[in-house]
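For the sequence shown, numbering that gives the first Met the number 0 begins at 0 and goes up steadily by one. The beta-carbon is built from N, C-alpha and C at its ideal position, and this holds for glycine as well. Just so you know, these numbers come straight off a predicted model, no measurement behind them. The structure under discussion appears below in the form of structure tokens.
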Amino acid sequence: MSESVTFDLLKKIDVFKTRKNQLYIQNSLVMPKRIEGFPGEVVIVVPGMIIETIKKNPLISSLYVTDIGFYPNAKYHHRTRKEGISEHILIYNLEGKGWIKIGNIEHEILPNHFFIIPANTPHTYYADKKEPWNIYWIHFAGDKSHLFSKIIGQTKEITPSPVSRNKERTDLFVEIIVNLSLGYSRENLEYTNLCLWHLMASFMYINQFRQIKKETEHDVSSQAINFMKENINKPLKLSEISSAIGYSHSHFSKIFSEKTGHAPMEYFNHLKMQEACKWLDTTKLSISEVANNLGYSDPFYFSRTFKRIMLQSPAHYRKRNQI
């Protein structure tokens, strides 16, 4: 899955005030189709009394988080709110797909798409049954939240590229989640909600967010590795990688191999196996499902590749790490 879900950072969150593996029903208008949550999910719900404190703080009252989380492989995820809620809802899809319905219009949300549902607007959203989305989501409010109106209520795509900085964007989600999980001190609340401005700016000003990468990233191998990570769920070919970097196959392979000590496709396979280990460690997905999430249509080929690189089968790896 693209930039997997920053599992390493999310593993730091073991002091949540919220309950793991449960969806949080905030009012009687929320009608979930699933009530036990998703393996590997992360949810933070800021208590109402803390929200009242935020509203009185002039530094952060203009834009603040009320809820934030991450749902991996969110099968059967479904919400209908007949009257909407008082916050805007940002849904950022990393992989899989889902739909958001507002009025009579249904918006398909594909990988690398995001959508902001306006506050106080009736809506329904749900994951695809066969390819459920993997989403970061956030509820936000504040007396300046309307300033993001140009990206509210419409589907937006963030096209992957060597300079897309998608990992940096998901790291901002994690930054907010980790800090909120550490408590609701004034310093934590101010820091996380000031981070929210940066996160929202990364969605509103996509080209400007990427510009830093364009100006500072001149290393061909780093560009290629970044492109591989952002397409970890796809069966990329060498031609696709070299084309994205702007080099011929042979010249790119020579530069990459000299820099990393590995051929490009071998390096890509190593990245995929690192990602597979995370899925095997942190989810209950079958080996076939893990393979599919990493772009392998043949689970047996995936298992052979895993064993060649990790020197053990996926099944043995999972069993060993569960002992």
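Inset, instruction - Give me the Cα-Cα distance between residue 156 and residue 44, rounded to the nearest whole angstrom. - result: Indexing the sequence shown from 1 puts residue 156 at position 157. Indexing the sequence shown from 1 puts residue 44 at position 45. If you take the alpha carbons of residue 156 and residue 44, they lie about 27 Å apart.
Inset, instruction - Given a cut-off of 8 Å, decide if residue 59 and residue 189 are closer than it, judged by their beta-carbon atoms. - result: Position 190 of the sequence shown, counting from 1, holds the residue named residue 189. Position 60 of the sequence shown, counting from 1, holds the residue named residue 59. Taking 8 Å as the cut-off, the beta carbon of residue 189 is found closer than this to the beta carbon of residue 59.
Inset, instruction - Quick one: using the 10 Å Cβ neighbour count with 16 as the cut-off for buried, is residue 182 buried or exposed? - result: If you number the sequence shown from 1, residue 182 lands on position 183. When all chains shown are included, residue 182 counts as exposed.
Inset, instruction - State the start and end residues of the unbroken alpha helix (DSSP H) segment that holds residue 165. - result: The residue labelled residue 165 in the question sits at position 166 within the sequence shown. That run of the alpha helix (DSSP H) goes 165-180.
Inset, instruction - Go through its chain and collect everything with a Cβ distance to residue 121's Cβ below 7 Å, but skip five positions before and after it. - result: Residue 121 sits at position 122 when you count from the first residue of the sequence shown. Cβ within range, chain order: 80, 81, 82, 83.
Legend entry - Three-state class that DSSP yields for residue 73 in the structure shown: In the sequence shown, counting from the first residue as 1, residue 73 sits at position 74. Residue 73: coil per DSSP, three-state reduction.
Inset, instruction - Whole angstroms is fine: what's the gap from residue 108's alpha carbon to residue 114's? - result: Stepping through the sequence shown from its first residue, residue 108 is reached at position 109. Stepping through the sequence shown from its first residue, residue 114 is reached at position 115. Spanning the two alpha carbons is a distance of roughly 8 Å.
Inset, instruction - Within its chain, find whatever has a CB closer than 8 Å to the CB of residue 252; leave out the 5 residues flanking it on each side and keep chain order. - result: Here residue 252 is taken as the residue at index 253 of the sequence shown, counted from 1. If we look at residue 252 and ignore the five residues flanking it on each side, its Cβ neighbours are 237, 241, 262, 263.
Inset, instruction - Can you tell me the Cβ-Cβ gap for residue 193 and residue 139, rounded? I've got them flagged as a contact below 8 Å. - result: Here residue 193 refers to the residue found at position 194 of the sequence shown. Here residue 139 refers to the residue found at position 140 of the sequence shown. Not confirmed; about 13 Å, so no contact.
Legend entry - DSSP bridge partner residues for residue 131 (one or two, in chain order): Translated into the one-based positions of the sequence shown, residue 131 becomes position 132. Partner(s): 96.
Inset, instruction - On the DSSP bridge assignment, give the partners of residue 156 in chain order. - result: Position 157 of the sequence shown, counting from 1, holds the residue named residue 156. Residue 156 is bridged to 112.
Legend entry - Buried or exposed (CB count within 10 angstroms, at least 16 for buried), residue 143: Reading the sequence shown from its first residue, position 144 is the one you call residue 143. Taking all protein chains in view, the Cβ of residue 143 is surrounded by fewer than 16 other Cβ atoms within 10 Å, so the residue is classified as exposed.
Legend entry - beta strand (DSSP E) segment containing residue 122, residue limits: Position 123 of the sequence shown, counting from 1, holds the residue named residue 122. 122-126 is the extent of the beta strand (DSSP E) around residue 122.
Inset, instruction - Classify residue 262 as helix, strand or coil using the three-state DSSP reduction. - result: Indexing the sequence shown from 1 puts residue 262 at position 263. Coil.
Inset, instruction - Specify, as a first and last residue, the run of the beta strand (DSSP E) that residue 43 falls within. - result: One-based indexing of the sequence shown puts residue 43 at position 44. Residues 41-44.
Legend entry - Any 3 or more C-beta pairs closer than 8 Å across the segment 228-235 and the segment 200-208: no
Legend entry - residue 186 versus residue 228 - alpha carbon distance: Here residue 186 refers to the residue found at position 187 of the sequence shown. Here residue 228 refers to the residue found at position 229 of the sequence shown. So the two alpha carbons sit approximately 34 Å from each other.
Legend entry - Minimum C-alpha distance to residue 218 - residue among 254, 288, 273, 196: Reading the sequence shown from its first residue, position 219 is the one you call residue 218. Nearest of 254, 288, 273, 196 to residue 218, Cα basis: 254.
Legend entry - Helix, strand or coil at residue 91 according to DSSP, with G and I counted as helix: Position 92 of the sequence shown holds residue 91. Residue 91: strand per DSSP, three-state reduction.
Inset, instruction - Compute the Euclidean distance between the alpha carbons of residue 317 and residue 96, then round it to the nearest angstrom. - result: Here residue 317 refers to the residue found at position 318 when the sequence shown is read from its first residue. Here residue 96 refers to the residue found at position 97 when the sequence shown is read from its first residue. Computed Cα separation, rounded: 27 Å.
Inset, instruction - Using DSSP bridges, identify the partner residues of residue 106. - result: By one-based count along the sequence shown, residue 106 stands at place 107. DSSP lists 99 as partners of residue 106.
Legend entry - residue 135 classed as buried or exposed, judged by whether at least 16 other C-beta atoms fall within 10 angstroms: Taking the first residue of the sequence shown as 1, we reach residue 135 at position 136. Buried.
Legend entry - Distance CB(residue 197)-CB(residue 179) smaller than 8 Å: Within the sequence shown, numbered from 1, the residue matching residue 197 stands at position 198. Within the sequence shown, numbered from 1, the residue matching residue 179 stands at position 180. Cβ distance not < 8 Å, so residue 197 and residue 179 don't count as in contact.
Legend entry - is_contact[residue 247, chain B] using C-beta, thresh 8 Å: No chain B is part of this structure, which consists of one protein chain only.
Legend entry - Helix, strand or coil at residue 53 according to DSSP, with G and I counted as helix: The residue given as residue 53 occupies position 54 in the sequence shown. In the structure shown, residue 53 sits in a helix (DSSP, three-state: H, G or I).
Inset, instruction - Give me the Cα-Cα distance between residue 304 and residue 314, rounded to the nearest whole angstrom. - result: As a first step, residue 304 is located in the sequence shown; it is residue number 305 there, counting from the start. As a first step, residue 314 is located in the sequence shown; it is residue number 315 there, counting from the start. If I take the Cα positions, the gap works out to 13 Å.
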